[in-house]
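J.: Numbering-wise, this note's numbering comes out as the position in the sequence shown, counting from 1, plus 182.
I have a structure here, written as C-alpha cells, and I will follow up with some questions on it.
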Amino acid sequence: MLSLGICFLHRKTWSNLNWGWQIGIDLLHRRMPTIFEKICQGEIPARFVHQDDLCVCFHDVTPQAPIHLLLIPRKAIPRVEQANAEDQALLGHLLLTAGEIARQQGFADTGFRIVINNGADGGETVPHLHIHILAGRKLSWPPG
Ligand code: 5GP
Numbered sequence: 183m184l185s186l187g188i189c190f191l192h193r194k195t196w197s198n199l200n201w202g203w204q205i206g207i208d209l210l211h212r213r214m215p216t217i218f219e220k221i222c223q224g225e226i227p228a229r230f231v232h233q234d235d236l237c238v239c240f241h242d243v244t245p246q247a248p249i250h251l252l253l254i255p256r257k258a259i260p261r262v263e264q265a266n267a268e269d270q271a272l273l274g275h276l277l278l279t280a281g282e283i284a285r286q287q288g289f290a291d292t293g294f295r296i297v298i299n300n301g302a303d304g305g306e307t308v309p310h311l312h313i314h315i316l317a318g319r320k321l322s323w324p325p326g
C-alpha cells in the first residue's frame, strides 16, 4: 500500500516537473526575440530594400542567388500554421509587397521565386515567418 502511494506520488511529481519544464521552455521561447525581430527593431543591421508599417525586406546574409531577399512581417508569427484569421490582411500584404519589390528592383519581368521554409522538414532555421525572394538566375526544380 505504502509503495503504491509512493509510486503515485512519484508519478505526480514527475508529471508536474514535466509540465513545469514545458512551461519554462515556452516562456523562454516567448522571451527570446529571434534574429529577425532584432533586425526589425534595428538592433542588428541589415541591407533594407523596403520598410512599411507591416513588414520589412532586406538582403539575405548568405545569398543563394544573385538576388536573395527576405520579406518578413513585423509581427512575430513563428510559422504559417500559427497565423490566424486576424493575420489574413497581413499575409495578403506580404504577397502584394513581394510583387511590388520585384517591380521596383527590376526583376519582375525576368521572373523570381518565392519560398517559405516552414518547420524542421521545410528547412526553416529562423522561427519567424519569412518569404525568400530569389532572382537573377534560372532556378532549378524540384528543390532538394
Ligand atoms: P530559413 O532557413 O529559416 O528559411 O531562412 C533563414 C535565412 O535567414 C537564411 O537564408 C539565412 O541566410 C538568413 N539569415 C540568418 N541570419 C541572418 C542575419 O543576421 N542577417 C540576414 N540578413 N540574414 C540572415
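Glycine included, each C-beta is placed from N, C-alpha and C at the ideal position.
#1: Tell me where the alpha helix (DSSP H) around Arg285 begins and ends.
#2: Nearest-angstrom Cα distance between Phe294 and Ala317?
#3: Quick check: what's the CA-CA separation for Glu306 versus Arg261?
#4: So what does His241 bridge to, in DSSP terms?
#5: Residues in the same chain with beta-carbon distance under 6 Å from His250, minus the five sequence neighbours each way, listed in chain order, please.
#6: To which residues does DSSP link Leu316 through a beta bridge?
T.: With the structure as the only source:
#1: From DSSP, the alpha helix (DSSP H) with Arg285 extends over Gln270 to Gln287.
#2: Answer to the nearest angstrom: the Cα atoms are 5 Å apart.
#3: Here the alpha carbon of Glu306 sits roughly 9 Å from the alpha carbon of Arg261.
#4: DSSP lists Leu251 as partners of His241.
#5: If we look at His250 and ignore the five residues flanking it on each side, its Cβ neighbours are Asp242 and Leu316.
#6: Per the DSSP secondary-structure output, Leu316 pairs in a beta bridge with His250 and Arg295.
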